[in-house]
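When we follow the numbering used here, the leftmost residue of the sequence shown carries the number 69, and every step to the right adds one. We treat Cβ as the ideally placed atom computed from N, Cα and C, and that holds for glycine. Right, one structure below, let's go through it.
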Amino acid sequence: MTSVWQLYKDTVFILKQPVSAHLNFAIITACNPNGVILNHSENSLKDKMLQSDILSLNVPYRSITGCSANFCHKEKSWIVAIEKAEAIKLADKYQQNAIFWVEANQLYLTPCRLMAEMYQEEFIGLFNQRIKLSMSEVAY
């Protein structure tokens, strides 16, 4: 069986518009805290709470969807232009196992919470090679 960490490493992203390759940012979700699958309503509520927290930071942000490599699993997420330590703290608040950190197009999987005891931050490729730019490119 594929580990959760490996599933995170295989994530691809859906964006409606491109992001500059020169930006540093975190990708954070509030969906499925502690890896427990919640229903759409519960995830939607948590996402609205996360978006409210992001708005209060007064930093650039953008919606993004994180997906399994086969697009069977999708999670609403946010690109947030904050420091990595602040992103980890925010992810901890929403009981997330990891965040994605992008630095000059370099994509890293960064553990949070209990995952930080088992895994270290890992370079997993170039962010722009993991992007699908249009929802229409993905069959739901």
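Item: Give the straight-line distance between the Cα atoms of residue 140 and residue 186, rounded to the nearest whole angstrom.; Value: 26 Å
Item: State buried or exposed for residue 166, treating a residue as buried only when at least 16 other CB atoms are found within 10 Å of its CB.; Value: buried
Item: Taking the beta carbon of residue 172 as the centre, do at least 16 other beta carbons fall within 10 Å, making it buried, or is it exposed?; Value: exposed
Item: According to DSSP, simplified to helix, strand and coil, what is residue 168?; Value: strand
Item: Is it true that the region 150 to 161 meets the region 84 to 103, where meeting means three or more beta-carbon pairs spaced less than 8 Å apart?; Value: yes
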